[in-house]
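Let me begin by presenting the structure, written as structure tokens, before commenting on it.
Number of protein chains: 2
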Amino acid sequence: MALITVGTMAFDAIETPFGKTDQIIGGSATYVAYAASNFVKPVQQISIVGYDFPQEEMDEMKSRGIQLDGVEIVPDKKSFFWSGKYHIDMNTRDTLVTDLNVLADFNPVVPDAFQGADFLMLGNLMPKLQMSVINQLKTKPKLIVMDTMNFWMDTAMDDLKAVLKKVDVLLVNDGEARQLSGELSLVKAARTIMQMGPRFLIIKKGEHGALLFHENHVFFAPALPLEEVFDPTGAGDTFAGGFIGHLAKTEDISFENMKTAIIIGSAMASFCVEKFGPERLKEITKADIDNRLAEFVQLVNFDIDLV
Amino acid sequence: MALITVGTMAFDAIETPFGKTDQIIGGSATYVAYAASNFVKPVQQISIVGYDFPQEEMDEMKSRGIQLDGVEIVPDKKSFFWSGKYHIDMNTRDTLVTDLNVLADFNPVVPDAFQGADFLMLGNLMPKLQMSVINQLKTKPKLIVMDTMNFWMDTAMDDLKAVLKKVDVLLVNDGEARQLSGELSLVKAARTIMQMGPRFLIIKKGEHGALLFHENHVFFAPALPLEEVFDPTGAGDTFAGGFIGHLAKTEDISFENMKTAIIIGSAMASFCVEKFGPERLKEITKADIDNRLAEFVQLVNFDIDLV
Chain F
1 MALITVGTMA FDAIETPFGK TDQIIGGSAT YVAYAASNFV KPVQQISIVG
51 YDFPQEEMDE MKSRGIQLDG VEIVPDKKSF FWSGKYHIDM NTRDTLVTDL
101 NVLADFNPVV PDAFQGADFL MLGNLMPKLQ MSVINQLKTK PKLIVMDTMN
151 FWMDTAMDDL KAVLKKVDVL LVNDGEARQL SGELSLVKAA RTIMQMGPRF
201 LIIKKGEHGA LLFHENHVFF APALPLEEVF DPTGAGDTFA GGFIGHLAKT
251 EDISFENMKT AIIIGSAMAS FCVEKFGPER LKEITKADID NRLAEFVQLV
301 NFDIDLV
Chain Y
308 MALITVGTMA FDAIETPFGK TDQIIGGSAT YVAYAASNFV KPVQQISIVG
358 YDFPQEEMDE MKSRGIQLDG VEIVPDKKSF FWSGKYHIDM NTRDTLVTDL
408 NVLADFNPVV PDAFQGADFL MLGNLMPKLQ MSVINQLKTK PKLIVMDTMN
458 FWMDTAMDDL KAVLKKVDVL LVNDGEARQL SGELSLVKAA RTIMQMGPRF
508 LIIKKGEHGA LLFHENHVFF APALPLEEVF DPTGAGDTFA GGFIGHLAKT
558 EDISFENMKT AIIIGSAMAS FCVEKFGPER LKEITKADID NRLAEFVQLV
608 NFDIDLV
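In order, the protein sequences belong to chains F and Y.
For what it's worth, the working numbering labels the leading residue of the first sequence as 1, then goes sequentially.
For what it's worth, the working numbering labels the leading residue of the second sequence as 308, then goes sequentially.
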């Protein structure tokens with residue numbers, strides 16, 4: 001039940017209405033791996049970092065069952081750096097700095113030791129690189145989940161569409177679903193996107209929860225109403241990590257189990273936003289996760305027998 | 308288990324991306340009554356109309372157990388008229404025309420025959436008029452539910468706060484909850500508002516569902532993802548009608564039963580938006596409602612035992 005994760009490991013500098021950080025750890029694959037490692041081992045990471053990525057962070061990851069054999073370390077370049085500022089509503093943000101650094105040369109290589117993994121999480125990345133990883137796998141994974149973003153729809157739509165044909169689950173936000181499909185209604189957008197390849201579609205709506213579509217079925221997972229969203233950075237990646245982590249743990253890719261997986265992803269995301277960066281994800285225990293899941297049950301559980 | 312409803316009965320002219328109507332039936336109390344009448348009888352309506360409000364509409368309402376003894380008919384004036392145009396996202400709209408007509412003189416009188424009702428639904432209306440109805444009741448209802456809007460927060464906040472002290476449940480949308488409380492976080496907003504009077508607070512988020520707050524508890528009801536929202540007019544009133552209709556039917560005002568009531572309100576609202584005005588609400592049967600409720604169960608039901 002090994003899980004391969006592909007994506008960035010990076011530095012972020014973040015400003016929110018609640019505070020500001022200097023350079024802290026970030027990157028899509030970082031969040032995915034920390035979240036997934038609560039459920040499945042090994043997590044087999046494919047990424048690229050520069051000379052400046054802290055050894056302690058990598059040691060921390062290894063101690064959680066995250067294998068870093070697929071992480072290239074470039075000795076003379078810096079790690080990918082992103083800086084952004086969130087608006088007061090926390091749903092929108094401005095990018096202040098994007099320094100690609102090592103990411104400009106990223107050419108992911110799947111280590112031999114990673115061959116045979118049943119689950120593949122393609123974090124948000126240039127579609128050509130996502131495709132390269134799929135093509136390097138000698139056995140087709142049981143499930144491929146793909147994250148992407150509007151930037152690739154604007155700049156590499158053909159490549160993105162080619163990857164879509166190869167994946168089982170696509171993760172996008174509501175705006176991206178509309179852009180990809182050309183449909184305003186999310187129900188129509190889902191139908192159109194599922195004809196492009198993925199049999200399952202997850203539409204993330206941030207603080208408004210997430211929708212899972214499959215054939216004619218739809219499932220809705222709310223986001224936990226929080227007093228304060230401290231830093232939304234990485235929440236989508238953490239959601240993805242919890243989602244595929246649960247599926248890999250249970251080795252059950254039915255629609256019914258995906259519902260559970262989405263709730264687990266939402267629970268993990270609700271922790272992520274409580275502190276800057278992946279900090280909170282490193283603190284939580286199994287008991288914390290179980291308690292949070294119980295809150296989700298309370299949040300949506302109702303009795304309709306009365307009618 | 309009688310239910311008193313107070314609000315407008317009116318004409319609307321609506322333009323949406325999907326079509327345009329001339330003058331059709333509208334008004335908050337109209338939607339509330341049609342929705343509630345599926346669950347409870349009698350619905351005792353308090354409103355005001357002009358000479359132009361169609362007798363056939365009133366006959367239709369009476370046939371559904373809606374008593375109109377509290378509806379004043381002004382022989383020489385027109386009914387309240389509102390005209391609006393929805394934007395492409397259907398979440399925002401511009402008001403084109405507001406002709407108060409009879410509403411300028413509205414002075415609601417509770418008929419003797421309505422005294423003793425256990426449930427009171429105060430539809431969106433000038434707070435002073437909502438207060439007048441509360442004060443006319445000789446016995447305190449088991450439950451008072453109040454709807455309001457940002458317009459009254461801008462123009463009659465003191466009156467609105469006085470009514471808040473008298474009601475059990477307040478219904479507002481997310482923007483109104485933030486305006487009323489001065490808090491950006493809905494969780495904090497809810498806590499502040501519940502200190503103003505209502506023990507229960509429902510925050511409506513349109514296509515993103517609704518939250519029910521009570522003490523330290525929170526429940527979330529999704530909106531059904533629809534292919535097309537044809538006309539959102541009246542959806543909030545219809546939600547309120549389904550909500551209080553179920554509570555009045557079951558005579559159970561526990562938090563647990565309110566969860567069920569919110570799902571029922573959401574189901575009723577999902578019908579409302581399928582056609583212009585209250586048209587769809589007049590077509591649906593008990594079987595339609597039960598099927599729709601089953602869709603809501605499918606939409607949110609998940610199994611967390613696997614974790």
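Ideal Cβ positions, reconstructed from N, Cα and C, are used throughout, including at glycine.
Sequence-distant residues of its chain with Cβ nearer than 6 Å to E15 (chain F) (five each side left out): The sequence position of residue 15 (chain F) within the first sequence is 15, counting from 1. Answer for E15 (chain F): K85, listed in chain order.
Report back the beta-carbon spacing between T545 (chain Y) and L588 (chain Y) to the nearest angstrom; my notes put them in contact at under 8 Å. Taking the second sequence and counting its residues from 1, the one referred to as residue 545 (chain Y) is at position 238. Taking the second sequence and counting its residues from 1, the one referred to as residue 588 (chain Y) is at position 281. That pair is a contact at about 7 Å.
S28 (chain F) - DSSP class collapsed to helix/strand/coil: Residue mapping note: residue 28 (chain F) aligns to position 28 of the first sequence, counting from 1. S28 (chain F): helix per DSSP, three-state reduction.
Between D303 (chain F) and chain Y, is there a C-beta pair that is closer than 8 Å? Residue mapping note: residue 303 (chain F) aligns to position 303 of the first sequence, counting from 1. Closer than 8 Å: yes.
Fully enclosed by the region 354–398 of chain Y, which alpha helix (DSSP H) runs are 4 residues long or longer? List check, alpha helix (DSSP H) in window: 362–370.
Classify I144 (chain F) as helix, strand or coil using the three-state DSSP reduction. Within the first sequence, the letter at position 144 stands for residue 144 (chain F). In this structure, I144 (chain F) counts as strand in the three-state DSSP scheme.
Which term fits I571 (chain Y), buried or exposed, when burial requires 16 or more other beta carbons within 10 angstroms of its beta carbon? Numbered from its first residue, the second sequence carries residue 571 (chain Y) at position 264. Answer is buried; the Cβ neighbour count reaches 16.
Does chain Y have any CB closer than 8 Å to the CB of E256 (chain F)? Position 256 of the first sequence holds residue 256 (chain F). For E256 (chain F), a Cβ of chain Y is located within less than 8 Å of the residue's own Cβ.
Could you check how far apart the C-beta atoms of L164 (chain F) and G197 (chain F) are, in whole angstroms? I think they sit under 8 Å. In the first sequence, counting from the first residue as 1, residue 164 (chain F) sits at position 164. In the first sequence, counting from the first residue as 1, residue 197 (chain F) sits at position 197. Going by Cβ atoms, the distance from L164 (chain F) to G197 (chain F) rounds to 4 Å, so yes, they are a contact pair.
Residue interval of the alpha helix (DSSP H) (run including V607 (chain Y)): Taking the second sequence and counting its residues from 1, the one referred to as residue 607 (chain Y) is at position 300. Residue range K593 to V607 is occupied by the alpha helix (DSSP H) that includes V607 (chain Y).
From the DSSP output, read off the bridge partner residues of D12 (chain F). Here residue 12 (chain F) corresponds to residue number 12 of the first sequence, with the count starting at 1. Beta-bridge pairing links D12 (chain F) to F:I24 and F:W82.
Here's a check: name, in chain order, each residue in its chain whose Cβ is nearer than 8 Å to the Cβ of V133 (chain F), leaving out the five neighbours to either side. Residue mapping note: residue 133 (chain F) aligns to position 133 of the first sequence, counting from 1. Here the set comprises I4, V6, I46, P108, V110, L120 and L122.
H515 (chain Y) touches chain F at which residues, Cβ-Cβ below 8 Å? Start at 1 with the first residue of the second sequence, and residue 515 (chain Y) comes out as number 208. Result: K205, H208 and G209.
DSSP three-state label for A424 (chain Y), please. Mapped onto the second sequence, residue 424 (chain Y) falls at position 117. In the three-state scheme derived from DSSP, where H, G and I count as helix and E and B as strand, A424 (chain Y) is classed as coil.
Any Cβ of chain F within less than 8 Å of the Cβ of L491 (chain Y)? One-based indexing of the second sequence puts residue 491 (chain Y) at position 184. True, the Cβ-Cβ gap to chain F drops below 8 Å.
Quick one: using the 10 Å Cβ neighbour count with 16 as the cut-off for buried, is Q362 (chain Y) buried or exposed? The count along the second sequence starts at 1 and reaches residue 362 (chain Y) at position 55. Q362 (chain Y) counts as exposed, since fewer than 16 other beta carbons sit within 10 angstroms of its beta carbon.
Under 8 Å between the Cβ atoms of G552 (chain Y) and N345 (chain Y)? Here residue 552 (chain Y) is taken as the residue at index 245 of the second sequence, counted from 1. Here residue 345 (chain Y) is taken as the residue at index 38 of the second sequence, counted from 1. Yes, the pair counts as a contact, with Cβ atoms nearer than the cut-off.
K249 (chain F) classed as buried or exposed, judged by whether at least 16 other C-beta atoms fall within 10 angstroms: As a working note, residue 249 (chain F) is residue 249 in the first sequence. When all chains shown are included, K249 (chain F) counts as buried.
Leaving aside the five residues before and after L432 (chain Y) along the sequence, list all residues of the same chain whose C-beta is less than 6 Å from its C-beta, in chain order. In the second sequence, counting from the first residue as 1, residue 432 (chain Y) sits at position 125. Closer than 6 Å at Cβ, skipping near neighbours: G314.
Taking the continuous beta strand (DSSP E) assigned at N414 (chain Y), which residues delimit it? Numbered from 1 along the second sequence, position 107 holds the residue referred to as residue 414 (chain Y). Under the DSSP assignment, N414 (chain Y) falls outside any beta strand (DSSP E); it carries neither an H nor an E label.
Short CB-CB distance (under 8 Å) between F219 (chain F) and chain Y: Walking along the first sequence from the start, residue 219 (chain F) turns up at place 219. Interface residue, yes.
So the candidates are F:L224, F:F114 and F:N150; which of them puts its Cα closest to the Cα of C272 (chain F)? Residue 272 (chain F) sits at position 272 when you count from the first residue of the first sequence. Checking every option, the nearest Cα to that of C272 (chain F) belongs to F:L224.
For a minimum of 4 consecutive residues, which ranges assigned as the alpha helix (DSSP H) are wholly contained in the region 213–256 of chain F? Counting only runs of 4 or more, we get 235–250.
At which residues does the beta strand (DSSP E) containing I311 (chain Y) begin and terminate? Taking the first residue of the second sequence as position 1, residue 311 (chain Y) is located at position 4. First-last of the beta strand (DSSP E) with I311 (chain Y): L310 to V313.
According to DSSP, what are the bridge partners of K204 (chain F)? Along the first sequence, read from residue 1 onward, the residue named residue 204 (chain F) stands at position 204. Bridge partners of K204 (chain F): F:N173 and F:A210.
If I measure Cβ to Cβ from L160 (chain F) and keep anything under 7 Å in the same chain, skipping five residues before and after, which residues do I get? The count along the first sequence starts at 1 and reaches residue 160 (chain F) at position 160. Excluding the 5 residues flanking it on each side, L160 (chain F) has same chain C-beta neighbours closer than 7 Å at P127, T148, W152 and M153, in chain order.
Please go through the same chain and pick out, in chain order, the residues whose beta-carbon is closer than 7 Å to the beta-carbon of L299 (chain F), but skip the five residues on each side of it. Along the first sequence, one-based indexing puts residue 299 (chain F) at 299. Only P222 and L224 meet the Cβ criterion.
For a contact meaning CB atoms closer than 8 Å, what does P532 (chain Y) contact in chain F? Taking the second sequence and counting its residues from 1, one reaches residue 532 (chain Y) at position 225. The contacting residues are L186, V187, L211, V218 and F220.
Taking Cβ-Cβ distances shorter than 8 Å, what residues in chain Y pair up with E57 (chain F)? Position 57 of the first sequence holds residue 57 (chain F). What E57 (chain F) touches in chain Y: nothing, since even the nearest Cβ is about 28 Å away.
Would you say V317 (chain F) reaches chain Y, if we count a Cβ-Cβ gap shorter than 8 Å as a contact? What the structure shows of chain F is the stretch from 1 to 307, and residue 317 (chain F) is not part of that stretch, so it cannot be assessed.
Can you name the residues of chain Y whose CB is closer than 8 Å to the CB of L299 (chain F)? Position 299 of the first sequence, counted from the start, is the residue given in the question as residue 299 (chain F). Within chain Y, the C-beta atoms nearer than 8 Å to that of L299 (chain F) come from V525, F526 and F527, in chain order.
Run through chain F and tell me which residues come within less than 8 Å of I509 (chain Y), C-beta to C-beta. Position 202 of the second sequence, counted from the start, is the residue given in the question as residue 509 (chain Y). Near I509 (chain Y) there are no residues of chain F at all, since even the closest Cβ is about 13 Å away, more than 8 Å.
Look at the Cβ atom of F520 (chain Y), then the Cβ atom of A497 (chain Y), and state whether they are nearer than 8 Å. Stepping through the second sequence from its first residue, residue 520 (chain Y) is reached at position 213. Stepping through the second sequence from its first residue, residue 497 (chain Y) is reached at position 190. Cβ atoms of F520 (chain Y) and A497 (chain Y): closer than 8 Å.
Are the Cβ atoms of G543 (chain Y) and K511 (chain Y) separated by less than 8 Å? Counting from 1 along the second sequence, the entry for residue 543 (chain Y) is found at position 236. Counting from 1 along the second sequence, the entry for residue 511 (chain Y) is found at position 204. Yes, they are a contact pair.
In the DSSP output, which residue or residues are listed as bridge partners for T95 (chain F)? As a working mapping, residue 95 (chain F) is identified with position 95 in the first sequence. Answer by DSSP bridge pairing, in chain order: F:G84.
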